[in-house]
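**Q** Shown below is the structure under consideration.
Numbering (the working numbering), first residue to last: 1 to 157.
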């Protein structure tokens with residue numbers, strides 16, 4: 001009988017260990033993984049919303065069926081050439097053409113419009129808004145183009 005006691009004693013000890021391990025596992029499962037949480041110490045008084053994932057737009061169809069035509073083309077940019085006495089002096093002495101242009105057009109658009117309409121290269125463009133609310137552009141041509149010839153081609157000399 002002594003032999004049986006010793007075998008029981010050996011088997012009883014590991015069984016108690018397994019039982020304790022199972023109880024610990026049960027306790028951990030009931031408590032959950034987030035049972036021991038601590039608050040992060042706040043170092044700032046203001047709250048900043050956390051940055052989250054921002055995906056690019058992936059439209060299923062275009063919102064416009066066709067793109068619009070350019071709103072400021074060369075025909076809208078240049079309204080009319082100006083042929084006052086002071087403008088004629090600019091043409092003859094400074095190789096500069098004078099135009100009334102659209103109020104919303106900028107210097108680059110004026111330069112491109114002159115190039116497209118009259119096939120001349122502009123050196124620089126100066127603009128001003130007149131007291132009557134119209135925009136005037138002084139287009140200085142490069143040395144290889146003559147403003148007098150261009151004015152004749154336009155037909156206001």
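Quick reminder that beta carbons are idealized off the backbone N, C-alpha and C, glycines included.
In three-state DSSP terms, what is residue 77?
**A** DSSP places residue 77 within a helical segment (H, G or I) once states are collapsed to three.
**Q** If distances are taken between C-alpha atoms only, which option among 89, 70, 24 and 37 comes closest to residue 98?
**A** 89
**Q** Does the stretch 112 to 132 come close enough to the stretch 40 to 60 that 3 or more CB-CB pairs lie under 8 Å?
**A** no
**Q** In chain order, what residues of the same chain have a beta carbon less than 6 Å from the beta carbon of residue 124, not counting five sequence neighbours either side?
**A** Beyond the five residues adjoining it in sequence on each side, residue 124 comes within less than 6 Å, by CB distance, of 140 in the same chain, given in chain order.
**Q** Give me the residue from 83, 76 and 103 with the minimum Cα distance to residue 152.
**A** 83
**Q** Can you give the Cα-Cα distance for residue 113 and residue 93, rounded to whole angstroms?
**A** Rounded to whole angstroms, residue 113 to residue 93 spans 23 Å at the Cα level.
**Q** Assuming residue 136 contacts residue 128 under a Cβ cut-off of 8 Å, what Cβ separation, rounded to an integer in Å, is found between them?
**A** 5 Å
**Q** Tell me the DSSP secondary structure of residue 40 in three-state form.
**A** coil
**Q** By the 10 Å Cβ neighbour count, where 16 or more other Cβ atoms means buried, how is residue 66 classified, buried or exposed?
**A** exposed
**Q** Measuring alpha carbon to alpha carbon, tell me which residue in 104, 87, 102 and 103 is nearest residue 96.
**A** Answer by Cα proximity: 87.
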